[in-house]
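Trainee:
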Amino acid sequence: MKPAIPKGMRDFSPSEMVKRQYIFETIKKVYNRFGYQPIETPAMENTETLLGKYGDEGDKLLFRVLDNGNPLNQITSAELAARFGASLFDSAAFVNHISGKGLRYDLTVPFARYVVMHQNDITFPFKRYQIQPVWRADRPQKGRYREFYQCDADVIGSNSLLNEFELIQMIDEVFTALGLKVLIQLNNRKILQGIAEYIGETEKIIEITVAIDKLDKIGLDQVNNELRSKGISETAIEKLQPVIQLKGTTTEKINALKNILAQSPVGLKGIEELTYIFDLLQQLPLQSAQYELELTLARGLNYYTGAIIEVKVNDLRTDFSSSVLGGGRYDDLTGIFGLPNVSGVGISFGADRIYDVLNALNLFPENVAATTKLLFVNFGSNEEKYCLQLLGKIRKLGITAELFPEAAKMKKQMGYADAKKIPFVAIIGDEEIKSQTITLKNMTTGMQDKVDFETLVQQLS
RNA sequence: GUGGUUGUAGCUCAGUUGGUUAGAGCGCCUGAUUGUGGUUCAGGAGGUCGUGGGUUCGAGCCCCAUCUUCCACCCCA
Numbered sequence: 004m005k006p007a008i009p010k011g012m013r014d015f016s017p018s019e020m021v022k023r024q025y026i027f028e029t030i031k032k033v034y035n036r037f038g039y040q041p042i043e044t045p046a047m048e049n050t051e052t053l054l055g056k057y058g059d060e061g062d063k064l065l066f067r068v069l070d071n072g073n074p075l076n077q078i079t080s081a082e083l084a085a086r087f088g089a090s091l092f093d094s095a096a097f098v099n100h101i102s103g104k105g106l107r108y109d110l111t112v113p114f115a116r117y118v119v120m121h122q123n124d125i126t127f128p129f130k131r132y133q134i135q136p137v138w139r140a141d142r143p144q145k146g147r148y149r150e151f152y153q154c155d156a157d158v159i160g161s162n163s164l165l166n167e168f169e170l171i172q173m174i175d176e177v178f179t180a181l182g183l184k185v186l187i188q189l190n191n192r193k194i195l196q197g198i199a200e201y202i203g204e205t206e207k208i209i210e211i212t213v214a215i216d217k218l219d220k221i222g223l224d225q226v227n228n229e230l231r232s233k234g235i236s237e238t239a240i241e242k243l244q245p246v247i248q249l250k251g252t253t254t255e256k257i258n259a260l261k262n263i264l265a266q267s268p269v270g271l272k273g274i275e276e277l278t279y280i281f282d283l284l285q286q287l288p289l290q291s292a293q294y295e296l297e298l299t300l301a302r303g304l305n306y307y308t309g310a311i312i313e314v315k316v317n318d319l320r321t322d323f324s325s326s327v328l329g330g331g332r333y334d335d336l337t338g339i340f341g342l343p344n345v346s347g348v349g350i351s352f353g354a355d356r357i358y359d360v361l362n363a364l365n366l367f368p369e370n371v372a373a374t375t376k377l378l379f380v381n382f383g384s385n386e387e388k389y390c391l392q393l394l395g396k397i398r399k400l401g402i403t404a405e406l407f408p409e410a411a412k413m414k415k416q417m418g419y420a421d422a423k424k425i426p427f428v429a430i431i432g433d434e435e436i437k438s439q440t441i442t443l444k445n446m447t448t449g450m451q452d453k454v455d456f457e458t459l460v461q462q463l464s
């Protein structure tokens, strides 16, 4: 049979893995330094944990896993025939009947489930990070994969806005370390709700936010058309115009919003929250990340209730427009799992997109590919044993070294070192063993020398 | 889910209006060089032309279906 992998999923070769690990390590280090602790959850969750958490669109994108055994055995053939034959055959119910679990769609919902299940062992506020793949049955395209890694950090059990601030600091730390210029866009769901109230369409907040989220992409006219098609009244749309077109500095925008939302307690609360965060950012400036208030930022996920965070690449050398991070606050995510009134706030780096951007911009450091430093040529069993001793010593000193596993032709062994870009080769035969020396060849210059062990170590470190 | 696009050697790609035995570059293997890679030279292996149907005397090329690639929409990291 012909080897293949499922649509939208990828293999990663060594040259890619060293770069990927560099990203993961950078993020992990920052998370650790801020006191976040790692957890992992299983690739699969029960269907009922997943369903209904990401909206109708999200439900469609869930990978469903067929029950083990033959789930159809549980249905009698008569029943099946009746269901299939009936015009009202409920395919969704049928799928649920034969599939009790699915691949996780994100890390936030499994985390909420985790928190509820382990609430007695957790000290709140609980700061956790989680770096694992998630799966979405989306059509693959630029910056979009069916299997990709999210790098989440969340704080659960604290309402303090200091958490939002800390998350923003971590975003800055990570992208500064990676050398990537980014723009952190901030918004607040409460402000969006206030705007919906202000224009008299409180019920349509989701439709409104989804539409205005596209302002950048499709322009004002198209946004208004979409609002109309969602049944928003003309007067509401008219009232909305000056709001979504607000220009100026963050302070100017906020001042304008204070007037507009003066009658909306929720809206004012949102402004207060944002102001608090912006004040902190002013007192303790970020290292390299830019930030702004972006009123059209909505995010699709239903569960955000406060802060909304999104990060975009801010480098003219690339037109990569997808977000490389998303996040926000969700006041009652654990409620549906039976633990009400616990607030959480978190962020999620999209590692695969960050990889694509760093690669396009050539921002991976040269030395990420820290490969083998020294290869011992293998001449046979006697020489092998001798080399193994030296190899052990070298590795103890922290130098990456290997012995070619068979006494192949010299050409083959040298070719291996060359292909693997190993900078030094140690050639040890009878002669060298007798004289207690090592013939050390520098593969870049092509020069070689007889040296003792100390000199060898010196050359390699 | 909607619209478009792609598939020929390990990789990148040629392949004429449908016509004999499907090519190139790179890579790989062997040798020139039995303790010396990257350069050079000589030779060699490697293809169900994504898959399944159809049209035709004849299909890599035309038609249909399907899978895959990439892109846009929806949505999103």
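In terms of the working numbering, the numbers along the first sequence are unbroken and rise by one, the last being 464.
For glycine and all other residues, C-beta sits at the position ideal for the given N, C-alpha and C.
In chain order, what residues of the same chain have a beta carbon less than 6 Å from the beta carbon of D334, not counting five sequence neighbours either side?
Mentor: Along the first sequence, one-based indexing puts residue 334 at 331. Hits under 6 Å: T308 and S346.
Trainee: Return the chain-ordered list of same chain residues with a C-beta closer than 8 Å to the C-beta of I441, the five sequence neighbours on each side being excluded.
Mentor: Residue mapping note: residue 441 aligns to position 438 of the first sequence, counting from 1. Closer than 8 Å at the Cβ level, and outside the excluded window around I441, lie L393, A429, I430, I431, E435, K453, V454, D455, F456 and L459.
Trainee: Relative to the C-alpha of P268, which candidate in L195, K22 and F114 has its C-alpha closest?
Mentor: On the first sequence, residue 268 is found 265 positions in, with the first residue counted as 1. Ranking L195, K22 and F114 by Cα distance to P268 puts L195 first.
Trainee: Please name the residue, chosen from M20, T252 and A214, that lies closest to Q244 on a Cα-to-Cα basis.
Mentor: Taking the first residue of the first sequence as 1, we reach residue 244 at position 241. Ranking M20, T252 and A214 by Cα distance to Q244 puts A214 first.
Trainee: Output yes or no for whether 8 Å exceeds the beta carbon distance between T50 and G103.
Mentor: Working through the first sequence from its first residue, we reach residue 50 at position 47. Working through the first sequence from its first residue, we reach residue 103 at position 100. Result yes, Cβ atoms of T50 and G103 sit closer than 8 Å.
Trainee: With distances taken from CA atoms, which of L366, E409 and N344 is nearest N385?
Mentor: The residue labelled residue 385 in the question sits at position 382 within the first sequence. Of the candidates L366, E409 and N344, the one whose C-alpha sits nearest the C-alpha of N385 is E409.
Trainee: Return yes when the Cβ of N191 is within less than 8 Å of the Cβ of I312, no when it is not.
Mentor: Your numbering for residue 312 matches position 309 in the first sequence. Your numbering for residue 191 matches position 188 in the first sequence. For I312 and N191, no; Cβs fall outside 8 Å.
Trainee: Candidates I397, D141 and I101: which alpha carbon is nearest P9's?
Mentor: Here residue 9 is taken as the residue at index 6 of the first sequence, counted from 1. Comparing Cα positions, the closest option is D141.
Trainee: Are L391 and F427 closer than 8 Å when you measure CB to CB?
Mentor: Working through the first sequence from its first residue, we reach residue 391 at position 388. Working through the first sequence from its first residue, we reach residue 427 at position 424. No; because the gap between Cβ atoms is not below 8 Å, this pair is not in contact.
Trainee: Using the C-alpha atoms, what's the distance from L443 back to M450?
Mentor: Walking along the first sequence from the start, residue 450 turns up at place 447. Walking along the first sequence from the start, residue 443 turns up at place 440. Looking at the two C-alpha atoms, the distance is approximately 8 Å.
Trainee: Smallest Cα separation from I402: which of T374, A411, G418 and K424?
Mentor: Taking the first residue of the first sequence as 1, we reach residue 402 at position 399. Looking at the Cα atoms, T374 is the closest of the given residues.
Trainee: Could you tell me whether the Cβ atoms of R231 and I240 are closer together than 8 Å?
Mentor: Numbered from its first residue, the first sequence carries residue 231 at position 228. Numbered from its first residue, the first sequence carries residue 240 at position 237. Contact flag set, yes.
Trainee: Using the Cβ count rule (16 or more neighbours within 10 Å means buried), how would you classify V98?
Mentor: By 1-based counting over the first sequence, the position of residue 98 is 95. Its Cβ having fewer than 16 others within 10 Å, V98 is exposed.
Trainee: For S464, count neighbouring Cβ atoms within 10 angstroms of its own Cβ and tell me buried if that reaches 16, exposed if not.
Mentor: Here residue 464 refers to the residue found at position 461 when the first sequence is read from its first residue. So S464 ends up on the exposed side.
Trainee: Can you tell me where the beta strand (DSSP E) holding E229 begins and where it ends?
Mentor: Against the first sequence, residue 229 aligns to sequence position 226. Element bounds for E229: not the beta strand (DSSP E) but the alpha helix (DSSP H), L218 to S232.
Trainee: On the DSSP letters alone, give me the boundaries of the beta strand (DSSP E) that T442 sits inside.
Mentor: Residue numbering aside, residue 442 sits at position 439 when the first sequence is read from its first letter. It spans I441 to N445 - the beta strand (DSSP E) in which T442 sits, taken as one unbroken run.
Trainee: Would you give the residue range spanned by the alpha helix (DSSP H) that P136 belongs to?
Mentor: Reading the first sequence from its first residue, position 133 is the one you call residue 136. P136 -> not in any alpha helix (DSSP H); beta strand (DSSP E) instead, spanning F129 to W138.
Trainee: Which residue or residues does DSSP assign as beta-bridge partners of S102?
Mentor: Along the first sequence, read from residue 1 onward, the residue named residue 102 stands at position 99. Paired residues: none, contrary to the question.
Trainee: CA-CA distance, L91 and E150?
Mentor: To locate residue 91, count along the first sequence from 1; it is residue 88. To locate residue 150, count along the first sequence from 1; it is residue 147. Here L91 scores only 46 on pLDDT, less than 50, and its place in the model should not be relied on; the value that follows carries that caveat. Using only the alpha carbons, I get a separation of about 34 Å.
Trainee: Give the DSSP-derived three-state secondary structure of D355 in the structure shown.
Mentor: Residue numbering aside, residue 355 sits at position 352 when the first sequence is read from its first letter. Residue state, collapsed to three classes: helix.
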